[in-house]
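> The sequence shown runs 8 to 233 under our numbering. The following block contains the structure, expressed as structure tokens.
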Amino acid sequence: MKIVKWWIDPGLEGDAYADMPYLYGPALSSFNAVHVGSGEFDEAKGGLWFEEGHSDEDGRQRRKAAGAPDDAKARMKWALRADSKQKWVWAYDQTYGVDFFNPYVDFENFALRLPGFNLPIIKYWDGQGLRYVLRNRSTEQVYLVILFTLYLKEDVNEDGTLKAAALQATSKASGGKGRLANGHGQHDEQDASSFDEQKALDEARAQFAEDNNNKNGSQMNDDDVD
């Protein structure tokens with residue numbers, strides 16, 4: 008968790024070693040784009056398109072009243088503060104558009120990708136899907152769920168269908184029992200216990216500092232999330 012909170016989002020909370028691993032963070036600091044208003048319909052871009060900002064004067068006033076910065080990165084950092092969360096209200100009668108994306112998870116190589124540093128996660132993966140959930144933290148009411156089901160290349164036929172063993176394994180994984188039918192992704196407790204999170208964090212920090220110095224001879228900028 009230390010390496011994730013240090014680089015990706017200091018507002019995250021979770022348990023990466025639970026039977027159903029999870030990470031939760033406040034929506035206001037987690038969404039890559041928050042748009043107050045109905046957004047823009049652009050067929051060339053695939054339909055509804057949301058960028059950081061607002062659609063009309065009412066939306067602009069709502070953001071201004073809360074003190075939310077116009078820049079997405081600045082807003083995400085601003086939203087980490089307790090007083091910012093108190094000022095921002097997700098109004099029932101207001102339309103919002105949001106977007107999220109994650110450049111840190113490398114699906115092709117099953118790794119957590121940081122600048123100059125990759126942390127393989129395949130040995131900790133037991134076949135469970137990657138689920139994005141939008142919910143009310145107080146009531147735990149779920150508003151939206153997006154599920155990405157992950158498959159190893161050898162489990163997929165050339166026509167895109169799943170092999171029989173993969174289907175059986177996926178069924179078990181969906182019941183929280185892990186993906187053990189064909190041995191792929193079986194959780195290795197010894198590997199998990201031997202993972203040194205602090206060492207990985209120190210290596211990532213050192214690699215980031217080295218890469219940053221090579222580019223501009225300076226340390227981390229003041230506007231980076233702390």
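Idealized CB from N, CA, C, for every residue including glycine. Owing to the predicted nature of the structure, the values given are computational and were not obtained by experimental measurement.
1. Quick check on G32: buried or exposed, where buried means 16 or more other Cβ atoms within 10 Å of its Cβ?
2. Once you ignore the five residues that flank Y158 on each side, which residues in its own chain have a CB closer than 7 Å to its CB?
3. When the Cβ atoms of the region 37–44 are set against those of the region 103–112, are three or more pairs found closer than 8 Å?
4. For L169 and chain B, any beta-carbon pair shorter than 9 Å?
5. Which residues bound the alpha helix (DSSP H) around W95?
6. Report yes if the C-beta distance between A34 and L141 is below 9 Å; otherwise report no.
7. Quick one: residues in its chain with C-beta nearer than 6 Å to the C-beta of F117, no 5 flanking neighbours on either side, listed in chain order?
8. Quick one, which of R69, E59, S91 and R88 has its alpha-carbon nearest D234's?
9. Would you mind giving the Cβ-Cβ distance between A73 and K94, rounded to the nearest angstrom? I have them listed as a contact below 8 Å.
10. Near F238, which residues of its chain fall below 6 Å by C-beta distance, leaving aside the five closest residues on each side in sequence?
11. In angstroms with no decimal places, state the Cα-to-Cα distance between N164 and A98.
12. Let's test the definition: count the other Cβ atoms within 10 Å of the Cβ of A25 and tell me whether it reaches 16, buried, or not, exposed.
13. Excluding the 5 residues preceding and the 5 following V152 in the sequence, name in chain order all residues of the same chain whose CB lies nearer than 6 Å to its CB.
14. Give the secondary structure of I128 by DSSP, where H, G and I count as helix, E and B as strand, and everything else as coil.
15. Could you check which residue in A171, E161, G167 and P17 has the C-alpha nearest to that of S37?
16. When the Cα atoms are used, what is the spatial distance from Q148 to R138?
17. Pull the bridge partners of W56 from the DSSP assignment, please.
18. Following the continuous alpha helix (DSSP H) through L35, name the residue where it begins and the one where it ends.
19. Output needed for N125: all residues of its chain with C-beta closer than 8 Å, excluding positions within five of it in sequence on either side, in chain order.
20. DSSP state of G185, grouped into three classes?
21. From D90, T156 and R69, pick the residue whose C-alpha is nearest to that of D100; which is it?
22. Can you list, in chain order, the residues of its chain with a C-beta nearer than 7 Å to that of E161? Leave out the 5 residues immediately preceding and following it.
23. Would you mind stating whether E47 and F57 have Cβ atoms separated by less than 9 Å?
24. In the DSSP assignment, what are the bridge partners of G5?
In short:
1. Residue mapping note: residue 32 aligns to position 25 of the sequence shown, counting from 1. So G32 ends up on the buried side.
2. Here residue 158 is taken as the residue at index 151 of the sequence shown, counted from 1. Here the set comprises L169 and A173.
3. yes
4. Included in the structure is just one protein chain, with no chain B present.
5. Taking the first residue of the sequence shown as position 1, residue 95 is located at position 88. Taken as a continuous stretch (DSSP letters only), W95 belongs to no alpha helix (DSSP H), as it is neither H nor E.
6. Position 27 of the sequence shown, counted from the first residue, corresponds to residue 34. Position 134 of the sequence shown, counted from the first residue, corresponds to residue 141. In contact: A34 and L141 (Cβ atoms closer than 9 Å).
7. In the sequence shown, counting from the first residue as 1, residue 117 sits at position 110. So the list reads I128 and I129, once near-sequence residues are dropped.
8. Any question about residue 234 goes unanswered here, given that the chain covers just 8 to 233.
9. Indexing the sequence shown from 1 puts residue 73 at position 66. Indexing the sequence shown from 1 puts residue 94 at position 87. About 4 Å; that satisfies the 8 Å criterion.
10. Residue numbering for the chain in the displayed model covers 8 to 233; residue 238 lies beyond these limits and cannot be assessed.
11. Within the sequence shown, the letter at position 157 stands for residue 164. Within the sequence shown, the letter at position 91 stands for residue 98. Taking the straight line joining both Cα atoms gives about 47 Å.
12. As a first step, residue 25 is located in the sequence shown; it is residue number 18 there, counting from the start. Label assigned to A25: exposed.
13. Along the sequence shown, one-based indexing puts residue 152 at 145. If we look at V152 and ignore the five residues flanking it on each side, its Cβ neighbours are V140.
14. In the sequence shown, the residue the question calls residue 128 occupies position 121. Coil.
15. Counted from its first residue, the sequence shown places residue 37 at position 30. Closest option to S37, Cα to Cα, is P17.
16. As a working mapping, residue 148 is identified with position 141 in the sequence shown. As a working mapping, residue 138 is identified with position 131 in the sequence shown. If you take the alpha carbons of Q148 and R138, they lie about 16 Å apart.
17. For the purposes of this step, residue 56 is identified with residue 49 of the sequence shown, where counting begins at 1. Answer is E47.
18. Reading the sequence shown from its first residue, position 28 is the one you call residue 35. Where L35 is concerned, the enclosing alpha helix (DSSP H) stretches over A34 to S37.
19. In the sequence shown, the residue the question calls residue 125 occupies position 118. Within the same chain, N125 has close Cβ partners D113, N116, A118 and L119.
20. For this step, residue 185 is matched to residue 178 along the sequence shown. In this prediction, G185 has a pLDDT of 39, which is less than 50 and means its spatial position is unreliable; what the coordinates show is noted afterwards. Note: G185 maps to coil in three-state DSSP.
21. Locating residue 100 in the sequence shown gives position 93, counting from the first residue. Ranking D90, T156 and R69 by Cα distance to D100 puts R69 first.
22. Looking up residue 161 in the sequence shown gives position 154. Nothing meets the Cβ criterion.
23. Residue numbering aside, residue 47 sits at position 40 when the sequence shown is read from its first letter. Residue numbering aside, residue 57 sits at position 50 when the sequence shown is read from its first letter. Yes. Within cutoff.
24. The requested residue 5 is not part of the displayed model; the chain covers only 8 to 233.
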